[in-house]
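This report concerns only the one structure given below.
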Amino acid sequence: MNTPATTAGAATRERLLRAASKIVASDGMEAATTAAIAAEAGVAEGTLYRHFESKDNLLIAAYRQMKQEVFVDAFAGVDTAAPPPERLKRTWKAIYLAYRTNRDAFAFGQRFAESSLAEREGGEAHRAIGRMVSDLRRTGIASGDFKNLPTDLLGNLFLAPISYLLKSEIKGRKWTDAELDAAATAVLAGWKK
1 MNTPATTAGA ATRERLLRAA SKIVASDGME AATTAAIAAE AGVAEGTLYR
51 HFESKDNLLI AAYRQMKQEV FVDAFAGVDT AAPPPERLKR TWKAIYLAYR
101 TNRDAFAFGQ RFAESSLAER EGGEAHRAIG RMVSDLRRTG IASGDFKNLP
151 TDLLGNLFLA PISYLLKSEI KGRKWTDAEL DAAATAVLAG WKK
């Protein structure tokens, strides 16, 4: 049962996570000081330590949450009964659109992945995504639709176009639905037998 104190605590924790993500996305990892995060969240600096052991733990938690929201939720929205090629294209587009809608999540993820904290994160977020990609790969191989290539290679064939297209959009390029569909088809071509 949620009491008002636990509900308020969860809301404060969420504000801290969002504040850290926003600062890193806009100004980089160095700008995400405890004072800046607390100010953005509208709380006292010491409050951060009631919810997280350290600033690094807060940033790792924010990264995991972002991966959950973008990737896991995108996978959840795709019909698992769809044939593997269609499922791959829909998943790819869902992830792209999630990042397009929340460019701060993309920028935060890029900056976090390039930081020393990426190693400390331990790969938990990537393992969860890897399990989903592996399942899609396994299903596609079993159906005779996909090549039997290593999961990490297929994952990179899947993610690299997302990164490229988003970086282009951030610079002002707007991709049409037809272009996104063509990109999803190109990604599928890398996986198809």
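Residue numbering for the sequence shown is 1 to 193, as defined by this note's numbering. Here a beta-carbon is modelled for each residue, glycine too, at the ideal position from N, C-alpha and C. Predicted model, so just to flag it, every value in this text is computed and none were measured.
Taking 8 Å as the cut-off, does the stretch 73-92 touch the stretch 141-149 (at least 3 CB pairs, one atom from each stretch)? yes
Can you tell me whether DSSP reads residue 146 as helix, strand or coil? strand
List the whole-angstrom C-beta distance separating residue 89 from residue 184, where the pair is believed to meet the contact cut-off of C-beta under 8 Å. 4 Å
Distance check for residue 49 and residue 175, CA to CA, integer angstroms please. 42 Å
Top-ranked residue by Cα proximity to residue 160, from 138, 77, 190, 172: 190
For residue 191, report the span of its alpha helix (DSSP H) as first-last. 177-191
Restricting to Cα atoms, I'd like to know which of 26, 96, 180 is closest to residue 67. 96
State the DSSP-derived secondary structure class of residue 12, mapped to helix, strand or coil. helix
Please give me, in chain order, every unbroken run of the alpha helix (DSSP H) with length at least 4 that falls completely inside the stretch 148-177. 151-170
Does the count of Cβ pairs from the stretch 151-158 and the stretch 129-137 closer than 8 Å reach three? yes
Spatial neighbours of residue 47 within its chain, please: C-beta separation below 7 Å, excluding the five flanking residues on both sides. 12, 38
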